[in-house]
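The structure under discussion appears below in the form of structure tokens.
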Amino acid sequence: MTISLAYDEDAAEEPLAPLAPLPAPSRVPIRPAPRPVDLDAAEEAGRQFLLALGIDPDAPENPDLARTPLRFAAAYAEMLSPQPFDFTTFANQEGYDEMVLVRDIPVRSLCEHHLLPFTGTAHVAYLPADRVVGLSKIPRLVDHFARQPQTQERLTVQIADALAGHLQPRGVGVLIEASHSCMTLRGARAGDAATKTSAVRGALRDDARSRAEFFALVGGHAR
Ligand SMILES: [Zn+2]
């Protein structure tokens, strides 16, 4: 028995034009240095911390505090654990040479002086050379470096240097605008104060026009 399918035999005999082989993406594994986390010890330290401040987490009149040391420890363990990921790049087949900008990437980090959060946004740009990066990898890179005791200045530089190193673009620009709760909630109580930091590399540092374009796009100030 013959089964007939909608199939054009003549066309099938035409040799198919060979497809250009798709370039394989290149993956740079970004792995945090292994750092042991002892949650039990952190919980006990949290209990002692509260006790030293005159707050007894086991006071019977407030049973809701009993699990606070554990939650406190788990929250800090999470905020201080960089996540591994692959930094995936692709050949720049179309030769795209304009600036690529990812705006308004959330920044959530802990200042290393008070271990209080600083939060805001990062704008990250690069001028492609031979390779382009999967765009979702840029927020991953920001989050990766944010999950450690940080200064905003160092975070900005680490993101710029990692992007420059892994992607080898013609230029890199990073601008972070953040509010530090150690400034807004205590001390100076400078309510709306925001801190801007920037790092530029390659053509975004050396070429006045690229540099001006970056700062115009992200609303910062060219230094
Ligand atoms: Zn601080």
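The opening position of the sequence shown corresponds to residue 194 in this note's numbering, with each subsequent residue numbered one higher.
Glycine included, every Cβ here is placed at the ideal spot set by N, Cα and C.
None of the values given here were measured: they were computed from a predicted structure.
Nearest to residue i (by Cα), restricted to the options the options
{"i": "His-373", "options": "Leu-356, Thr-312, Val-326 and His-359", "result": "Thr-312"}
{"i": "Asn-285", "options": "Gly-380, Ala-405 and Ser-219", "result": "Ser-219"}
{"i": "Val-295", "options": "Asp-400, Leu-303, Thr-314 and Ala-357", "result": "Thr-314"}
{"i": "Leu-244", "options": "Cys-375, Thr-261 and Thr-388", "result": "Thr-261"}
{"i": "Leu-308", "options": "Val-335, Leu-328 and Phe-265", "result": "Phe-265"}
{"i": "Pro-332", "options": "Cys-375, Phe-278, Tyr-269 and Leu-378", "result": "Phe-278"}
{"i": "Met-272", "options": "Val-300, Arg-382, Glu-346 and Pro-256", "result": "Val-300"}
Residues of its chain near residue i, where Cβ-Cβ distance is below 6 Å and the 5 sequence neighbours each way are ignored
{"i": "Arg-363", "result": "Leu-320, Ala-322, Gly-395 and Ala-396"}
{"i": "Val-411", "result": "His-316 and Leu-368"}
{"i": "Pro-275", "result": "Pro-225, His-337 and Arg-340"}
{"i": "Gly-366", "result": "Ala-318, Val-393, Leu-397 and Phe-407"}
Contacts around residue i, its chain only, beta-carbon distance under 7 Å, and the 5 residues preceding and following it disregarded
{"i": "Leu-360", "result": "Thr-282, Tyr-319, Arg-324 and Val-326"}
{"i": "Thr-377", "result": "Ala-383, Gly-384 and Ala-386"}
Where the beta strand (DSSP E) through residue i begins and ends
{"i": "Asp-319", "result": "Per the sequence shown, residue 319 should be read as Tyr rather than Asp. Start and end: 310-320."}
{"i": "Ala-302", "result": "Going by the sequence as given, residue 302 is Ser instead of Ala. Taken as a continuous stretch (DSSP letters only), the beta strand (DSSP E) holding Ser-302 covers 293-304."}
{"i": "Val-393", "result": "388-395"}
{"i": "Ile-248", "result": "Neither: Ile-248 is in no beta strand (DSSP E) and is coded neither H nor E."}
{"i": "Leu-258", "result": "Taken as a continuous stretch (DSSP letters only), Leu-258 belongs to no beta strand (DSSP E), as it is neither H nor E."}
{"i": "Ser-219", "result": "219-223"}
Spatial distance of residue i from residue j (CA atoms)
{"i": "Pro-227", "j": "Gln-341", "result": "13 Å"}
{"i": "Ala-371", "j": "Val-393", "result": "18 Å"}
{"i": "Glu-291", "j": "Ile-298", "result": "20 Å"}
{"i": "Val-350", "j": "His-306", "result": "18 Å"}
{"i": "Arg-240", "j": "Pro-250", "result": "7 Å"}
{"i": "Tyr-289", "j": "Leu-328", "result": "14 Å"}
Start and end residues, alpha helix (DSSP H) containing residue i
{"i": "Gly-358", "result": "345-360"}
{"i": "Arg-402", "result": "401-411"}
{"i": "Arg-333", "result": "330-339"}
{"i": "Leu-374", "result": "The question names Leu, but residue 374 in the sequence shown is Ser. Per DSSP, Ser-374 belongs to the alpha helix (DSSP H) from 374-377."}
Chain-order list of residues whose beta-carbon lies under 8 Å from that of residue i (same chain, five-residue window excluded)
{"i": "Arg-398", "result": "Gly-364 and Arg-404"}
Worksheet item: How would the residue list near ligand 1 read, in chain order, if you kept each one whose beta-carbon is closer than 6 Å to any heavy atom?
Response: Cys-304, His-306, His-307, Leu-309, His-373 and Cys-375
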